[in-house]
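Peer 1:
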Amino acid sequence: MTSTEIETKDTAIPTRRVTVTVNGEKRAADVEPRLLLAHLLRQGLGLTGTHVGCDTTNCGACTVLYDGAPVKSCTMLAVQADGHEVTTVEGLGTPSELDPVQEGFVAEHGLQCGFCTPGMMLAARALLDRNPDPTEDDIRWGLSGNLCRCTGYQNIVKAVLWAADKERTGDPDS
Amino acid sequence: MTQTAEPHAASPAPTSQALDEVKIGGLGSSRTRVEDARFIRGRGNYVEDVTLPGMLHMEILRSPLAHARIRSIDTSAAWAIPGVKLVLTGEMAAQRNLAWMPTLSYDTQAVLATDKVRFQGQEVACVVADDPYIAKDACDAIVVDYEPLPPVVSPEQAVAPGAPLIRDDKAGQADNIAYQWEVGDKDGTDAAFARADVVSKLRLHYPRSHPSPIENCGAVADFNSATGKLTVYLTSQAPHIVRAAVALIAELPEHLIRIISPDVGGGFGNKVPVYPGYVCAILCSILTAKPVKWIEDNTGNLSSTGFGRDMYLDSEMALTSDGQILAVRYHATTDQGAFYADAQPTKFKIGLVHSSFACYDVPVGHITAQGMYTNKAPGGVAYRCSFRVTEAMFFQERMMQAAADDLGLDQAEFRRRNLVDDDQFPYRTPFGFLTDSGQYHKCLQIGLDAIGYDDFLVEQAEARKKGRLLGIGISTMTEPLGAGNSREYDILGIKMFDSAELRVHPTGKAVLKIGAQTQGQGHETTFAQIVTHELGIPALDIVVEHGDTDHTPFGMGTYASRSTPVAGAATAMVARKIRAKARKLAAHLLEVSEEDVEWELGRFYVRGAESRGVTIQECAMAAYSNMPDGMEPGLENNAYYDPPNLTWPFACYIATVEVDPETGVWDVLRFVAVDDCGVRINPMIVEGQIMGGLTEAYAMSNMQFQTYDVDGNLVGANYMDYLLPTAWETPGFELHEVVTPSPHHPIGAKGVGECAAVGGPAAYVNAVLNALRPTGVRNIDMPLLPDRVWHAAHTGDDVSGAPPFRTE
Amino acid sequence: MYPSRFRYEAPRSLDEALALLAEHGDEAKILAGGQSLVPMMKLRFAAPGVLVDINGIAGLGFHEETAGGGLRVGALCRHVDLEHSTVLPGAQPTMAAAAPLVADPIVRTRGTLVGSLCHADPQGDWASVMLALGGSVVAVSPRGRRTIPVGEFVVGTFQNALEHDEIVVEAVVPAAQGARAGSYLKLERRVGDFATAGVAMALESVGGQILRAGIALTGVGPATIAATEAAEALVGASLDPDVIDRAAELAAAAARPRTDHRGSADYKRHVVATFVRRMLTAERAPAGAAA
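Same order as they appear, the protein sequences are chains R, E and V. So the first sequence is residues 174 to 347, counted in my numbering. So the second sequence is residues 10 to 817, counted in my numbering. So the third sequence is residues 125 to 415, counted in my numbering.
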């Protein structure tokens, strides 16, 4: 278990110790209650793959899996993750083997600038976990909490279909 | 001055030992992207990911009012908050002559307001603290005493008698007019109108739209007081321009400034200018002697950084009764906001709006234009377009439809009668451009066939009988890319060329360094493909670097779809320089004269003895180990490319829609795109660019816009009100291609990043208006909100130039 | 983007939570799904002194049928639970129609129906749905439990009828007088947008005879609006075209929209009438054609 101190220059500010299982590893940190989960992940734990786009819980760039379900980590407090499991893009796939969703995004050109991609892939992962054989409409509906400005979504849809095919049949081109 | 396009992806002759270009990742290869490996693992490196030792955090306090005089600013409570290191006001910036800065259009813009605030969201002060939460607390603790002034929120108000003077800071500025401009032949145009059978008229407003990449702007400024070196990590599409600008604005020596644009989370034109936040971060780093990070929030991005459009058009087209265009004339009014900050070539005050009607055989035209100061955010950036060509092409294609309707002509047929023919190139447009090549009629026909035009018209007629409103809209256009030649195109005096530097290592692996800057276009993938095409070095053996001014050659950056036309050409040219030297090395290795050496992809061989050859890799090794006497060692070079002309891709976009007459909601049934962007380096990436552009086009036509209420409050300051489409609303796209190489580009490419965003909107809007044609409605301004469509359909009235409304 | 400071409490039981509310009075704010509260705190439109996070309290995540077609929804039942519920389809058509239209798929993972009611945003979907259904909320405090009809609970823009020491533990849909029908229609320009206008309709009938009707409107007034007269026009009536038109007109008349960038006031009224007409016409259509 690794421990990270979030810098608090003013010792009078109360912090809470939280222990979060991030990508399978237990991590502890002392955080101010107002610290957003996205900021704990990014600054506190150095997992900068989780991006922050908007202020208003619309863009979904910060989407992570919280106990397996997709949440916008800019709209949860770090303290709320105490005792819970969080999966970020860094935990998608293993160092030696990519998740099929990651492979699909590459194969189908499902990303351009890459900024929305981590959140989009985690939303896609959650979608496939719930529905392994989605239609195009299922995917478009299921990813409608995540904004992309580059791709026009069509290749993202194809990427998720690619991943679904691979997971069901072992052959993405079937 | 002309270079000839080489055949791309040429199939090797049967006896040849040339490499298979597509297999090694050359032109025409849809190789997957090099960039993806890091992005899919969350290992990109965006500005917000940059952390430096001892780094402090900056937040900006913005004006809540659109127009007000600043009586006083009390920062004492902010200074008192533990963790606050600096509270910077305009007065303090002024002591360093940094309260104002130049814009890209030779105007000035406030960095931090000293006298007045001139738009809601304007930068008033900033705070540097140990963390951004504290900095935000301190911003909230600053007390600004404002004396409200009446706001000006439309061009109409700006020129009304007694309008408040917005730019009282500018000596000699007595009104709210930012610029006036005109182009074309007024007398010739008037004469043509005098003999017209029909004059079609149209008024419309292209609403203010924000490029809104998902990543907002930001900077990490690191001034090293020991060395005097300033390093700035910046969300910039044009880092070299920023370096020059910082040197001029902050009066720092340019060789001690290093701008690093790491991964950029989308730009679309928004990240071309220098913003006050960047200047503040730099100044704060100098003042605190610490690295300072500023990451803009989404509200700040949407309310203060470069928007696009906000143009009013009042136009006329002179026609013969059989559908021949005799002339066009129009007046364009732009709403510039508080500062004239268009990012555009200096010579052209309203960008390249006069590129309109370039694809039609129009003999003469005349344009007048005027820009107004208003109490709105400054901008006028080229939002996914080549300097206001989006407005130009939208206007052109809306005018084409209105004219076809006025003439009672089918909209496809009307276009056919006026499109420039293949044998007319190079073609001089009514406003003086020279288009390079194209097959316009072929593109149109492919589009019409793909959508099933004639069948749709039958279906539409049947549906109308049942009260269903189906519509079909066409948009055909060519746009000027690749600014530009140095005679006409410069920004603040710096000519708009671009550059590339190529280093081939002894083992034949290579590093290409370019002055362009990717924000998702995939330069690291495609620029290697150009080198592969020229040298036969497999794309996997070439790494592409960009975005660090200390380590890449000077370039004007990536916007206006100019990377492939200009930096891409520079890349081909530097590779040819390398190949020329390699040829000498090959002659030396093969012990023949250079004239006897022939080239095929990846290999030199002796003419007449094809089996005797050396690979490019062998030449590379020789450059470091076995060069001929008198030859300079090494295999490196650079090239600066000054394009002889613009490139002119063509596109035909066709949408079909159904409008719900009861609610005004409209859905896209199908969308067909036929793009001719010349030679396609990586077809997969080209298609990605087109689909992205079509989506932004859909967004602008349907939902995405900013407006201001009568008090100057921005409506659309965050994603709750500034609507971007999700995967659910976004239509599917059917893509087709035509390839007409550019005759003057080294590899025949024309650029493509923006065509779909430029030409797309008119297809959607024309389709909706086509559906409403029985109602007599001629125009509904974008976005075609359900209530606007419903209102127009039910009253038969146009919805043009929506006025500001009152919010409660 | 960065909330103000607050004190954070995470009670493990309802009693603990109630004690914290009693201690902190109007300084305290309940955090359930947080999908409206946290964004407001980030924009600093809200700055509660104490946040009482009830997510750790067991036993509030349920939703279950009650006798006669009723339903109980616990304070931590998420939108996504209702969207994918096996209980709602058929039994609760209005709720089943609304559940997938709330916010966006990611927000639905966290957001709660009860939280949406408490938030009392006139744009909130669930308030209209529960109002149409004649639903209520159950609030507990140190003084005991009380049931508050949603019509009395939502008192204004972002205002509910709770005392500072009360917590809503569940929302309740009462038993139906016969078979339920109804739907929820919402005009939004994109997923996750606030409603330009939305209409919830709940009908209860026996043998084609409407015994109870509820119509409520989203996003067309300073608070969720019960179109009571429109609903009453349906009770005892058969769904003839003139009855449908009358109900549509009355519903539109009940709306109090204002013109904004989502549409003109006239347009929003028109959408309300159109939606009422569409829903009633669908109910009137022979079985199978209405789907």
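Glycine included, every Cβ here is placed at the ideal spot set by N, Cα and C. The structure presented is a predicted model; accordingly, all values stated were derived computationally and were not measured.
Which value, in whole angstroms, describes the spacing of the CA atoms of glutamate 619/E and glycine 611/E?
Peer 2: Cα-Cα distance, rounded: 13 Å.
Peer 1: Using 9 Å as the threshold, is the C-beta distance between tyrosine 568/E and lysine 356/E below it?
Peer 2: The answer is no: Cβ separation not under 9 Å.
Peer 1: For aspartate 177/E, count neighbouring C-beta atoms within 10 Å of its own C-beta (all shown protein chains included) and say buried if the count is 16 or more, exposed if not.
Peer 2: So aspartate 177/E counts as exposed.
Peer 1: On the criterion of 16 or more Cβ atoms from any shown chain inside 10 Å, does methionine 403/V qualify as buried, or is it exposed?
Peer 2: With 16 or more other Cβ atoms within 10 Å, it is buried.
Peer 1: Check each candidate in Gly531/E, Tyr728/E, Leu598/E and Gly388/E and name the one with the smallest Cα separation from glutamate 696/E.
Peer 2: Measuring from the Cα of glutamate 696/E, the nearest candidate turns out to be Gly531/E.
Peer 1: Using a Cβ distance threshold of 8 Å, determine whether the region 683-696 of chain E contacts the region 758-766 of chain E, with at least three qualifying pairs required.
Peer 2: Segments in contact, yes.
Peer 1: Can you confirm whether the region 422-435 of chain E touches the region 186-202 of chain E when touching is taken to mean that 3 or more C-beta pairs between the two stretches lie within less than 8 Å?
Peer 2: As far as the Cβ criterion goes, the region 186-202 of chain E does not touch the region 422-435 of chain E, which means the pair count is below three.
Peer 1: What is the DSSP secondary structure of tyrosine 126/V, counted as helix, strand or coil?
Peer 2: Three-state DSSP puts tyrosine 126/V in coil, outside helix and strand.
Peer 1: Which residues in chain A have a C-beta closer than 8 Å to the C-beta of phenylalanine 742/E? List them in chain order.
Peer 2: Although the question refers to chain A, the structure presented lacks it and instead comprises the protein chains R, E and V.
Peer 1: Between threonine 1/E and the rest of its own chain, which residues show a CB-CB distance below 6 Å, the 5 nearest in sequence each way excluded?
Peer 2: Here chain E covers residues 10 to 817 and nothing more, so residue 1/E does not appear.
Peer 1: Could you tell me whether any Cβ in chain R is nearer than 9 Å to the Cβ of tyrosine 142/E?
Peer 2: Tyrosine 142/E counts as touching chain R.
Peer 1: Does the beta carbon of glycine 316/V come closer than 9 Å to any beta carbon on chain E?
Peer 2: Output row for glycine 316/V: interface = yes.
Peer 1: Would you say proline 213/V reaches chain R, if we count a Cβ-Cβ gap shorter than 9 Å as a contact?
Peer 2: Chain R, which has no Cβ nearer than 9 Å to the Cβ of proline 213/V, makes this no.
Peer 1: Closer than 9 Å, Cβ to Cβ, to anything on chain R: give me those residues from the region 227-240 of chain V, in chain order.
Peer 2: The region 227-240 of chain V vs chain R, Cβ under 9 Å: Ala227, Asp228, Pro229, Ile230, Val231, Arg232, Thr233 and Arg234.
Peer 1: Would you call aspartate 184/E buried or exposed, if buried means 16 or more other Cβ atoms sit within 10 Å of its Cβ?
Peer 2: Its Cβ having fewer than 16 others within 10 Å, aspartate 184/E is exposed.
Peer 1: Would you call the region 664-677 of chain E in contact with the region 371-380 of chain E, where contact means no fewer than 3 C-beta pairs closer than 8 Å?
Peer 2: Touching, no, given that fewer than three Cβ pairs across the two stretches are closer than 8 Å.
Peer 1: Ordered along the chain, which non-local residues of its own chain (more than five positions away) have a Cβ less than 6 Å from that of aspartate 116/E?
Peer 2: Here the set comprises Phe348 and Tyr349.
Peer 1: Determine the direct distance from the alpha carbon of methionine 630/E to that of aspartate 638/E, and round the result to whole angstroms.
Peer 2: Looking at the two C-alpha atoms, the distance is approximately 16 Å.
Peer 1: Determine, for threonine 383/E, whether the minimum Cβ-Cβ distance to residues of chain V falls below 9 Å.
Peer 2: Not one chain V Cβ lies under 9 Å of threonine 383/E.
Peer 1: Which residues, in order along the region 383-407 of chain V, keep a beta-carbon less than 9 Å from a beta-carbon of chain E?
Peer 2: So the close ones are Thr383, Asp384, His385, Arg386, Gly387, Ser388, Asp390, Tyr391, Lys392, His394, Val395, Thr398, Phe399, Arg401 and Arg402.
Peer 1: In chain order, what are the residue ranges of uninterrupted alpha helix (DSSP H) at least 4 long that sit wholly in the region 690-736 of chain E?
Peer 2: Taking only runs of at least 4 residues, the alpha helix (DSSP H) segments lying wholly in the region 690-736 of chain E are 692-711.
Peer 1: Which chain V residues are close to glycine 197/R, counting only those with a beta carbon under 7 Å from its beta carbon?
Peer 2: Ordered by position in chain V, no residue passes the 7 Å Cβ test against glycine 197/R, which lies about 21 Å from the chain.
Peer 1: Taking a Cβ distance cut-off of 8 Å, strictly less, list which residues of the region 780-801 of chain E are near chain V, in chain order.
Peer 2: So the list reads Leu794, Pro795, Asp796, Trp799 and His800, given in the order they occur along the chain.
Peer 1: By how many angstroms is the C-alpha of arginine 382/V removed from the C-alpha of glycine 345/V?
Peer 2: Each residue's alpha carbon lies about 7 Å from the other.
Peer 1: Quick one: Cα of threonine 580/E to Cα of isoleucine 523/E, how far?
Peer 2: Near 8 Å, if we compare the C-alpha coordinates of isoleucine 523/E and threonine 580/E.
Peer 1: Would valine 259/R count as contacting chain E if we go by Cβ distances under 9 Å?
Peer 2: Cβ-Cβ to chain E under 9 Å: no for valine 259/R.
Peer 1: Pull up the distance between the alpha-carbon of asparagine 727/E and that of proline 783/E, whole angstroms please.
Peer 2: If I take the Cα positions, the gap works out to 38 Å.
Peer 1: Would you say asparagine 304/R lies against chain E (beta-carbon separation less than 9 Å)?
Peer 2: Not one chain E Cβ lies under 9 Å of asparagine 304/R.
Peer 1: Counting only beta-carbon atoms, is proline 187/R nearer than 9 Å to chain E?
Peer 2: No, its Cβ sits nowhere closer than 9 Å to a Cβ of chain E.
Peer 1: With a threshold of 16 other CB atoms inside 10 Å of the CB of glutamate 260/E, please say whether the residue is buried or exposed.
Peer 2: Glutamate 260/E comes out exposed.
Peer 1: Quick one: which chain R residues come within Cβ less than 9 Å of aspartate 177/V?
Peer 2: Ordered by position in chain R, the residues that pass the 9 Å Cβ test against aspartate 177/V are Leu250, Val252 and Gln253.
Peer 1: Can you check which of these residues, Arg232/V, Gly248/V and Ser265/V, is closest to alanine 146/V by C-alpha distance?
Peer 2: Looking at the Cα atoms, Ser265/V is the closest of the given residues.
Peer 1: Give the list of continuous beta strand (DSSP E) stretches no shorter than 3 residues that lie fully inside the region 184-252 of chain E.
Peer 2: Those beta strand (DSSP E) runs which fall completely within the region 184-252 of chain E and span 3+ residues are 186-193, 207-218, 227-233 and 238-243.
Peer 1: Based on Cα-Cα distance, which residue from Val623/E, Met101/E and Gly617/E lies nearest to leucine 296/E?
Peer 2: Cα-wise, what sits closest to leucine 296/E is Met101/E.
Peer 1: Measure the Cβ-Cβ separation of glycine 292/R and cysteine 227/R and say whether it is below 9 Å.
Peer 2: Not in contact: glycine 292/R and cysteine 227/R (Cβ atoms no closer than 9 Å).
Peer 1: Could you list which residues in chain E have their beta carbon closer than 7 Å to that of methionine 125/V, in chain order?
Peer 2: The answer, in chain order, is Asp306.
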